[in-house]
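In my numbering, the protein residues as written are 3 to 729.
For glycine and all other residues, C-beta sits at the position ideal for the given N, C-alpha and C.
Before any comments, here is the structure.
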Ligand code: ADP
Ligand code: ZN
């Protein structure tokens with residue numbers, strides 16, 4: 003047998019396949035998509051089997067071929083569907099096939115990974131059924147036998163606690179036998195719950211999906227926060243299960259998986275695998291094996307869970323579809339929604355995109371009937387949406403070191419007295435966003451990036467949020483040597499400190515990237531807030547979406563302007579989404595909820611319309627602006643970044659590329675080259691070109707040629723992003 007193998011060459015960004023011979027002992031294991039270990043020059047490399055050939059259709063003679071060294075996988079990881087999908091992704095994103103296959107694999111199974119992950123095996127002891135068991139003189143031995151007569155099967159390590167020498171003797175005498183069983187690492191507790199009877203509207207929506215003629219249709223479920231979307235998802239999945247079909251559910255944030263998974267577990271019990279980046283390698287490996295061995299029919303996870311090797315998909319659900327994390331920021335820069343559409347077509351199964359604040363692109367598609375629009379305009383049982391108050395910080399009396407308006411402080415105090423919970427949002431971590439000298443104006447910047455350093459008070463360090471550079475903050479200015487260094491701007495750490503000063507007895511839980519580095523920390527924090535061990539949950543956008551806490555009656559936004567001031571054409575949209583989402587965390591239980599938003603831009607439409615929960619007016623308003631400026635959804639964008647450690651080379655090459663694009667893409671507008679929003683990251687200079695178009699048939703060909711041209715240029719790297727989230 004001869005196989006064609008796609009190998010990963012770390013030095014070049016090109017795809018290479020080579021033919022290898024399969025020695026007889028491996029022939030049975032070879033399948034398309036399985037990984038093999040092959041000799042390559044002096045190295046051993048892993049690669050994917052792409053074709054199975056015989057001597058007649060290989061262009062090589064048998065003695066010209068080398069033999070493979072081993073078969074890496076026990077089960078095929080990339081089945082026929084996923085092999086095709088990888089090819090599509092590499093075409094859609096203009097990245098290599100090998101990088102597309104790599105991105106589809108779970109971290110734990112990736113090539114070049116040094117540690118080998120093993121199955122977790124539990125050893126049980128059972129009685130030998132084929133012999134008559136005598137009465138035993140030894141007390142411990144008899145005890146063990148009696149136990150096993152009652153319990154049939156007991157973990158060996160448990161019996162060893164009684165007496166390991168007795169276990170040994172019983173085994174030697176053939177009275178006890180060993181049974182091995184693969185065990186999974188990730189343990190999940192759950193209580194089975196009866197489902198709610200669906201409301202009329204929920205039923206109607208479920209039926210609309212199930213009865214749709216086109217079964218590979220994309221549905222946009224636009225439902226206000228708390229309208230019962232999750233119950234609709236579960237019902238749809240149950241219907242898929244009834245037909246023997248499997249489902250994928252994507253959730254936007256790891257902090258959200260805990261709540262969603264526990265809701266799903268109470269209904270679907272063990273029929274669920276979980277995939278996200280914060281599982282240990284061993285856990286990920288196990289969850290994948292559950293899927294590959296067809297032991298589960300539901301997969302819940304973050305972006306890459308869209309590649310779960312489920313067969314016979316019956317439903318794909320993407321919750322909070324507007325979330326930017328569904329787009330991968332590294333190569334291959336794929337969008338999980340695009341991948342979901344391909345899988346939905348392949349399996350002829352519905353794709354549900356759910357959100358209270360869909361992206362403009364999605365909503366526009368729904369309005370044009372490209373997607374089927376489903377709407378839930380009210381909360382379950384007509385519970386009102388929370389009342390939102392905008393606080394104009396320009397009118398607030400300036401109080402030293404305070405970032406709270408009087409009214410927000412009053413409301414927090416009031417909740418503490420009533421023993422109700424509050425959520426406070428500030429979308430910026432750290433203590434202060436920059437540090438400067440009061441005497442000479444010197445500002446601490448990253449030596450590797452064009453960005454100010456953020457002060458983290460707990461560690462006493464100033465850090466770069468882009469490259470990770472960090473150093474101690476010293477009181478003296480490195481420039482003028484005066485003891486005048488001071489920190490400005492706010493972050494969650496400073497707000498936490500301020501809260502502790504004002505409310506010394508309040509229990510405050512801060513949740514941001516800095517406090518959630520430990521494994522399992524998201525889960526623990528969400529659980530303990532749910533159990534009311536804390537009064538206030540303070541955090542960045544990771545606490546804004548999807549969470550369902552019944553006792554939260556107050557949501558406060560410390561500064562709505564952080565996202566509004568970002569120079570990006572989507573900044574109004576992301577601000578409106580963030581405010582609407584976080585407002586939706588209030589008043590989800592019996593008690594009415596309130597929301598207070600602090601801002602210096604109270605008249606901005608994104609802020610004003612979030613006050614009235616008016617998605618549709620926001621949509622209309624923002625669409626006008628996008629239309630005027632020729633931005634998405636009216637036009638498509640593709641961004642090309644030109645990266646080099648040499649400023650002059652980056653500048654010259656971006657001008658050349660700009661010319662090339664202008665000459666070859668006649669149906670597009672080419673913007674730039676200009677310097678990218680952050681000009682230098684990790685000592686790499688970044689120029690950017692933006693291609694704007696409605697229809698540009700030559701785009702892929704023109705860009706492919708460009709990539710080919712720069713492939714051998716070690717000084718310049720191109721970074722191409724179709725439909726970028728940020729520009
Ligand atoms: P969403 O996902 O739209 O935010 P959820 O599905 O979380 O909404 O529902 C909001 C709240 O309403 C949840 O606490 C949920 O348990 C409850 N709920 C949803 N559907 C029903 C129903 N049919 N009957 C009673 N309660 C429901
Ligand atoms: Zn840096």
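- Within 7 Å of the C-beta of residue 199 there is at least one heavy atom belonging to the ligand ADP.
- Remark: the C-beta of residue 397 is outside contact range of the ligand ADP, defined as less than 7 Å to any heavy atom.
- Boundaries of the beta strand (DSSP E) around residue 224: 220 to 225.
- Ranked by Cα distance from residue 295, the options 70, 578, 605, 186 are led by 186.
- Excluding residues up to 5 positions away in sequence, 669 lie with their Cβ nearer than 8 Å to the Cβ of residue 697 in the same chain.
- Shortest gap from the CB of residue 233 to any heavy atom of the ligand ADP: under 7 Å.
- When secondary structure is reduced to three states using DSSP, residue 576 falls in the helix class.
- If one requires a minimum length of 4 residues, the alpha helix (DSSP H) runs lying completely within the stretch 390 to 427 are 408 to 420, in chain order.
- Judged by DSSP secondary structure, residue 88 falls within the alpha helix (DSSP H) whose first and last residues are 82 to 95.
- In the displayed model, residue 10 falls within coil according to three-state DSSP, outside both helix and strand.
- Relative to the non-hydrogen atoms of the ligand ADP, the Cβ of residue 227 comes within a distance shorter than 7 Å of at least one.
- When the beta-carbon positions are compared, residue 395 and residue 351 stay at least 8 Å from each other.
- Contact between the stretch 590 to 609 and the stretch 379 to 398 is present: three or more C-beta pairs spanning the two stretches fall below 8 Å.
- Rounded to the nearest angstrom, the gap between the Cα atoms of residue 465 and residue 494 is 15 Å.
- In the same chain as residue 536, and ignoring 5 residues on each side of it, the C-beta atoms closer than 7 Å to its own belong to 509, 510, 511, 530, in chain order.
- Residue environment for residue 286: buried (at least 16 other C-beta atoms within 10 angstroms of its C-beta).
- About 17 Å separates the CB atoms of residue 169 and residue 133; that is not less than 8 Å, and the two are not in contact.
- Relative to residue 260, the option among 527, 307, 422 whose CA is nearest is 527.
- The beta carbon of residue 472 sits closer than 6 Å to the beta carbons of 463, 465 from its chain, once the five residues preceding and following it are set aside; these are given in chain order.
- For residue 208, the CB stays at least 7 Å from every heavy atom of the ligand ADP.
- Restricting attention to 422, 360, 30, the CA atom closest to the CA of residue 375 is found in 360.
- The alpha-carbon separation between residue 219 and residue 608 amounts to approximately 31 Å.
- By DSSP's assignment, residue 63 forms no beta bridge with any residue.
- Closest in C-alpha terms to residue 270, from the list 193, 208, 226, comes 193.
- Annotated as distal: residue 334 and residue 84, with beta-carbon spacing of 8 Å or more.
- Here the distance from the Cβ of residue 541 to the nearest heavy atom of the ligand ADP is not below 7 Å.
- Counting only residues of its own chain and dropping the five nearest sequence neighbours on each side, residue 151 has a CB closer than 8 Å to the CB of 129.
- Distance between residue 506 and residue 520, taken at the CA atoms: about 27 Å.
- Taking the Cβ atoms as the reference, residue 106 lies roughly 7 Å from residue 80, within the contact range of under 8 Å.
- Pairing residue 489 with residue 445 gives a Cβ-Cβ distance that is not under 8 Å.
- Counted as a single uninterrupted DSSP element, the stretch harbouring residue 332 is not any alpha helix (DSSP H), since DSSP gives it neither H nor E.
- Short note on residue 230: C-beta closer than 7 Å to some heavy atom of the ligand ADP.
- In the DSSP assignment, residue 723 forms a beta bridge with 641.
- Between residue 722 and residue 651, the C-beta gap is not smaller than 8 Å, which leaves the two residues out of contact.
- For residue 267, the distance from the CB to the nearest heavy atom of the ligand ADP is not below 7 Å.
- In this structure residue 442 is exposed. Its beta-carbon is surrounded by fewer than 16 other beta-carbon atoms within 10 angstroms.
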